[in-house]
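Before any comments, here is the structure.
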DNA sequence: TGATGATAGTGGCATATACCAGTTTCGTGA
DNA sequence: TCACGAAACTGGTATATGCCACTATCATCA
């Protein structure tokens, strides 16, 4: 095992000395949450700088991509707001708020379901699809640069690990620990 | 090499078929940025649920922890707003906004520098340090549960990879690709 | 010493994200 | 068919985060 970033000593909570030692040795990246946020902000900057020419923020481009993915999906629930929110691991209302500027700018439209009037589907307009494609071309530059720099295999392994963390199964298992 | 999440085929941008294939095969986690955001939102939920009893949001707890780290640091610039922002890979103004509620609630105070009146240092109040410690105890529960579930070595490797992505060196190398 | 450019931070605006309360619609069972 | 609970969204409020314009202060140099 690589010892540069070992796990927390068992007595970190009860021993101030051990805790201090852990912080000084590993700093911020000792916390999974902190490490994730730091990396996310950095990648947001780097990818965002590359794709800024499209006028889309990174979350907006991701959302448009999800919309296209949902449209191509065989699952009819994929494009509903609830389905999208679940896919993006996002709060439903947060998704609604995020969609607002995209609807305002004519990239996305909401289509009520004919059979269940509670349900709405989000759909890319032609203008939105064009914008998504524009953003995708820029995104690809950033993605390739990242892979070249970080290493293709390492990048794939990182994304694989992140997918596990994000998965429903992981969340369910984590929450089950609550009962113990 | 594990082939479940290989890198992008070189013609992904120019071949609609290849692009479609990539999306269908790997879905959202094919994009580093998306994978990071999904995982961050998930971990934010899981860690946040565990530590909600402290009344701190995850970013707030992280910020208080940085403040303690900066106070213990030998570097006098560590606790300045600019130093903190750099350490957290955050925009200076974003840090200022995030500090507002913590100052309002009496957890943090801003102390102007005597020699350079442009500079301000952020400092934990006793109340803030107590709140940080309270949050830390809860955080430790989440952190241990994560490590137990994800695997201690895998968790350490993940955090190590994220630290590389977040590093200044990585950002500088990535941006240098711009000139090529 | 005064002009000038750099640095630190603030405030405004916009998007990102979450929680909660409320509304509309649906499904189910008496 | 009607009451009632569940489901899907909406809107309000709060924090999270970033960009830009602006102010105050400092450092440098003619």
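Residue numbers (this note's numbering), protein chains in the order written: chain A, 1 to 180; chain B, 1001 to 1180. Heads up, the beta-carbon is just placed ideally off N, CA and C, and yes, glycines get one too. Computed from a predicted structure; not experimentally measured.
Query, Result
"Please determine whether the Cβ atom of residue 170 of chain A lies at a distance below 6 Å from any heavy atom of the ligand FAD.", "Of the ligands one can find in the structure shown there are none, so the ligand FAD has no counterpart to examine."
"At a CB-CB cut-off below 7 Å, which residues of chain B make contact with residue 60 of chain A?", "Those do not exist, as residue 60 of chain A stays about 12 Å from chain B at its closest Cβ, beyond 7 Å."
"Taking one C-beta from the segment 1055-1067 of chain B and one from the segment 1134-1153 of chain B each time, how about it: are there three or more such pairs within less than 8 Å?", "yes"
"Of all the CB atoms in chain A, is at least one closer than 7 Å to the CB of residue 1108 of chain B?", "no"
"Is the segment 146-156 of chain A in contact with the segment 83-96 of chain A, if contact means three or more CB pairs nearer than 8 Å?", "no"
"Taking beta-carbon pairs under 9 Å, can you tell me which members of the segment 155-166 of chain A lie near chain B?", "155, 156, 157, 158, 159, 160, 161, 162, 163, 164, 165, 166"
"Residue range of the beta strand (DSSP E) that residue 1110 of chain B falls in?", "1108-1112"
"How is the beta strand (DSSP E) around residue 123 of chain A delimited, first residue to last?", "120-124"
"Please tell me whether residue 1132 of chain B has its Cβ less than 7 Å away from any Cβ of chain A.", "no"
"Taking C-beta pairs closer than 8 Å, name the residues in chain A that residue 1173 of chain B reaches, listed in chain order.", "149"
"Residue 44 of chain A touches chain B at which residues, Cβ-Cβ below 9 Å?", "1033, 1036, 1037"
"Roughly how far, in whole angstroms, is the beta-carbon of residue 1165 of chain B from the beta-carbon of residue 42 of chain A, given that I think they are within contact range, below 8 Å?", "6 Å"
"Would you tell me roughly how many angstroms separate the C-alpha atoms of residue 69 of chain A and residue 145 of chain A, rounded to the nearest one?", "24 Å"
"Determine the chain B residues that contact residue 128 of chain A at a beta-carbon separation under 9 Å, and present them in chain order.", "Correct list: empty, because the minimum Cβ distance to chain B is about 17 Å."
"Nearest chain B C-beta to residue 145 of chain A closer than 7 Å, yes or no?", "yes"
"Can you look up residue 1080 of chain B in the DSSP assignment and give me helix, strand or coil?", "strand"
"Looking at the structure shown, is residue 1043 of chain B part of a helix, part of a strand, or coil, going by DSSP?", "helix"
"Could one say the Cβ of residue 1029 of chain B lies closer than 7 Å to chain A's Cβ atoms, at least one of them?", "yes"
"Under 7 Å between the Cβ atoms of residue 50 of chain A and residue 119 of chain A?", "no"
"Between residue 1098 of chain B and chain A, is any beta-carbon pair separated by less than 7 Å?", "no"
"Check whether the Cβ of residue 40 of chain A lies closer than 7 Å to any Cβ atom in chain B.", "yes"
"With DSSP as the reference, label residue 56 of chain A as helix, strand or coil.", "coil"
"Could you tell me whether any Cβ in chain A is nearer than 7 Å to the Cβ of residue 1007 of chain B?", "Residue placement at residue 1007 of chain B is poorly supported in this model, since its pLDDT is 38, which falls under 50; the coordinates are not used for a value here."
"Given a cut-off of 7 Å on the beta-carbon distance, is the pair residue 1109 of chain B and residue 1121 of chain B in contact?", "no"
"Suppose contacts are defined by Cβ-Cβ distances below 7 Å. Is residue 175 of chain A in contact with residue 1040 of chain B by that definition?", "no"
"If you draw a straight line from the alpha carbon of residue 113 of chain A to that of residue 1112 of chain B, how long is it in whole angstroms?", "58 Å"
"Indicate the three-state DSSP secondary structure (helix, strand or coil) for residue 1075 of chain B in the structure shown.", "coil"
"Can you give the Cα-Cα distance for residue 169 of chain A and residue 1044 of chain B, rounded to whole angstroms?", "16 Å"
"For residue 1048 of chain B, which residues from the same chain have a beta carbon less than 6 Å from its beta carbon, with the 5 sequence-adjacent residues on both sides left out?", "1058"
"Give the interface partners of residue 1089 of chain B over in chain A, defined as CB-CB distance under 7 Å, in chain order.", "38, 41, 42"
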